[in-house]
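In this note's numbering, the protein residues as written are 7 to 399.
Each residue gets a CB set at the ideal place from its N, CA and C atoms; glycine is no exception.
Everything numeric in this text was worked out from a predicted model, so none of it was measured.
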Amino acid sequence: MHTNKPKNNLRTLLVHAGEKPDPVTGAIAPILVRTKTYKQNTFGVEARWQYSRGTNPTRTILESKLAEIEGSGQATVFSSGVAAEASFFLTLNPGDHILFCQEVYGGTFRLLEKVMSRFGIMYDFVDFTKEKTIVKHITPKTKYLYVETPTNPSLHMIDLDLVGKISKKSKIPYVADMTFSPPCATRAFHYGAETVIHSLSKYYAGHNDVIGGAVITKNEALHKHLLLMQRTLGAILSPDECYRVIQGMKTLQMRWEYVSANALQVAEYLNAHSKIKRALYPGLKNHPGNAIAKKQMSGGYGGVLSFETRDENKTRLKKFVDCIQKRNVIIYGESLASPESILAYPPLMSHGALPRDVRLSLGISDGFFRLSVGFENYKDIINSMRAGLKELR
């Protein structure tokens, strides 16, 4: 049995973790330090602050806050979620193998196929719902098991208890990309994860104005490698963006609960619509992973849902999207977890890098859409969807 409830209330941690009023001025807001370099006081003595590519006080506050909220480990932040992943992968050696769950973010797939494969990093994608399948694909070179849950964009639920059990038995650590289920919903460390990855651009920042990523790990050696990657590659998160993430985190749980309630209403509407082939949302009772979601997530199931239209005609799909946009409630675009509801088309956007046969094998058909439900009144979102669906057969 596991619990997502920390010793200190998470709402309180989201506000105060990693922060203290400034000892000189008493300022409550975290310090925003934009300097490039720092005065060195003593010749031959290494100062804590030297050059902001290496260390920055605002970034340090964010990293401390992330680790405390995740409940363990040490955090390293980067200029994007993909930069965080790339920095993690570059701690591996040529010939090392990673076993991934079957569906991952398209940017992760592109990073592996186009870049990491050139460095000799080996990988396989397998069904992580079955223990035998996972164990069968573990090799002597396997260094990590790597999961997303819920997955992007199909929202498959991975049982972290199962992955934790396999990880412990095989002595192979597992990494969890928890972008779709931040710690106000799931603390992956409580389920045996060694390392957690987030796109800070999404729920953590939450306001469509930041691109960033983070790796939080309990492995001290890995953390040191990540600091080296951060300093050497220079894919750092700017002080201004660190500041915005810190401020966004204070409302994370409230935003999560609100968009979760909104998304459930929209998902139930789409689930019952005759022109929708299937609606995918972990909070739906007919979702295959609903039982896992209930066990693993708290405070709701997030603001992201996906659906597949029966009609895959490109001309009518364009009319569907155009009609929705004209109502000025839902925006057609990429990304998710913002105040604005955003309708995305994974076949051309997040998963456009996948070969078509691979995409279709994952169930991402030409009629597949992802909707990130925002702060609008759910009735207005539903009315926009209703109008758009009239354009389809």
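The stretch 141 to 149 makes no contact with the stretch 382 to 397; the number of CB pairs closer than 8 angstroms stays below 3. The C-alpha of E346 lies about 43 angstroms from the C-alpha of K177.
Cβ contact annotation for A81 (same chain, cutoff 6 angstroms, sequence separation greater than five): E69, L72, A73, A220, I222, in chain order. With contacts defined as CB atoms closer than 8 angstroms, R261 and A211 fail to qualify as a contacting pair.
Contact check for P159 against P352 passes: the beta carbons are separated by less than 8 angstroms.
When the beta-carbon positions are compared, Y180 and E200 come within less than 8 angstroms of each other. Nearest neighbour of I330 by Cα position, chosen from F375, I37, D133, I34, turns out to be F375. For E247, the uninterrupted alpha helix (DSSP H) segment begins and ends at 245 to 255. Using a Cβ distance threshold of 8 angstroms, L286 and F313 count as a contacting pair. Within the same chain, Cβ atoms closer than 8 angstroms to the Cβ of V272 are found at L311, L377, V379, Y384, I387, I388, M391, the five residues on either side in sequence being excluded.
Closest by C-alpha distance to S341, out of K332, H204, M355, is M355. Around the C-beta of P36, 16 or more other C-beta atoms lie within 10 Å, and the residue is accordingly described as buried. With fewer than 16 other Cβ atoms inside 10 Å of its own Cβ, D363 counts as exposed. For K320, the enclosing alpha helix (DSSP H) stretches over residues 320 to 332. By the criterion of a C-beta distance shorter than 8 angstroms, K281 is surrounded in its chain by T315, R316, D317, L395, L398, R399, once the five residues flanking it on both sides are discounted. Excluding sequence positions up to five before and after E137, its CB lies within less than 7 angstroms of the CB of L168, I172, all in the same chain and listed in chain order. Scanning its chain for C-beta atoms nearer than 7 angstroms, with the 5 sequence neighbours on each side dropped, one finds around A23 the residues K71, E74, I75, in chain order. L105 places its beta carbon less than 8 angstroms from that of I140.
The bridge partners DSSP lists for R284 are E314. Exclusion of the five residues before and after R59 leaves R237, G240, I242 as the residues of its chain whose Cβ lies within less than 7 angstroms of its Cβ. The Cβ atoms of T192 and K208 lie no closer than 8 angstroms to each other. In chain order, E109 place their CB closer than 6 angstroms to the CB of L368, counting only its own chain and leaving out the 5 sequence neighbours on each side.
Each residue's CA atom was taken as its position, placing V335 and A299 some 29 angstroms apart. Just measuring C-alpha positions, the residue of D246, P245, S304 sitting nearest A267 is S304. A Cβ-Cβ distance of about 7 angstroms is found for the pair A182 and L166, placing them in contact under the 8 angstroms criterion.
Closest in alpha carbon position to F131, among L118, G254, Q302, is L118. The three-state reading of DSSP puts T97 in coil, since its state is none of H, G, I, E or B. Here S86 is near I217, since their CB atoms are less than 8 angstroms apart. The criterion of a C-beta distance shorter than 8 angstroms is not satisfied by L206 and F94. Non-local C-beta neighbours of R124 in its own chain, meaning closer than 7 angstroms and more than five positions away in sequence, are absent. Annotation for F115: H357, A359, L360 place their beta carbon closer than 8 angstroms to its own, counting only its chain and skipping 5 residues before and after. Nearest C-alpha to V88 among G112, V39, H196: G112. Between V83 and C190, the C-beta spacing is not below 8 angstroms.
In chain order, E200 place their CB closer than 6 angstroms to the CB of N225, counting only its own chain and leaving out the 5 sequence neighbours on each side. C-alpha of K256 to C-alpha of T61: approximately 23 angstroms in a straight line. Secondary structure note for M128: its beta strand (DSSP E) is the uninterrupted segment 128 to 132.
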